[in-house]
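*Asks:*
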Amino acid sequence: ERLTGLHLPTDSLREAAEVHRTEVDEQIARSSENLAVVAALEQQYDAFTAAREGTDLLSDTGEVPSAEEIGAEFERFLADQDRKRPRD
Numbered sequence: 341e342r343l344t345g346l347h348l349p350t351d352s353l354r355e356a357a358e359v360h361r362t363e364v365d366e367q368i369a370r371s372s373e374n375l376a377v378v379a380a381l382e383q384q385y386d387a388f389t390a391a392r393e394g395t396d397l398l399s400d401t402g403e404v405p406s407a408e409e410i411g412a413e414f415e416r417f418l419a420d421q422d423r424k425r426p427r428d
């Protein structure tokens, strides 16, 4: 509200989201197949985020990286893109 001047009913939105989340959770829990799919998606997401850790351009200290570090990261990015591209 401070930034936009808009007054949105966030309390009622939050309550509605909780109700819908509970309904979705109950529907998923009704089927072991659904539970397996959700577990697989969670594992896939966890693996994806773990693989991305440490790949940001800021160094561990939060300082701006050197030209060599930026170049090395860019080369890794290009190599990864090349590996993902389908071969004819």
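Per my numbering, residue 341 is the first one in the sequence shown, and the count goes up by one each step. Ideal Cβ placement from N, Cα and C applies to all residues, glycine included. Values in this document were obtained by computation on a predicted structure and should not be read as measured data.
1) At the level of alpha carbons, what is the spacing between L343 and A357?
2) By DSSP, does G345 sit in helix, in strand, or in coil?
3) Can you tell me where the alpha helix (DSSP H) holding S352 begins and where it ends?
4) Would you identify the three-state DSSP class for S406, choosing helix, strand or coil?
5) Given this structure, state the Cα-to-Cα distance separating T350 from V378, to the nearest angstrom.
*Replies:* Quick look at the numbers:
1) Answer to the nearest angstrom: the Cα atoms are 23 Å apart.
2) It is coil, neither helix nor strand.
3) From DSSP, the alpha helix (DSSP H) with S352 extends over 350-369.
4) Correct three-state label for S406: coil.
5) Cα to Cα, the separation comes out at about 28 Å.
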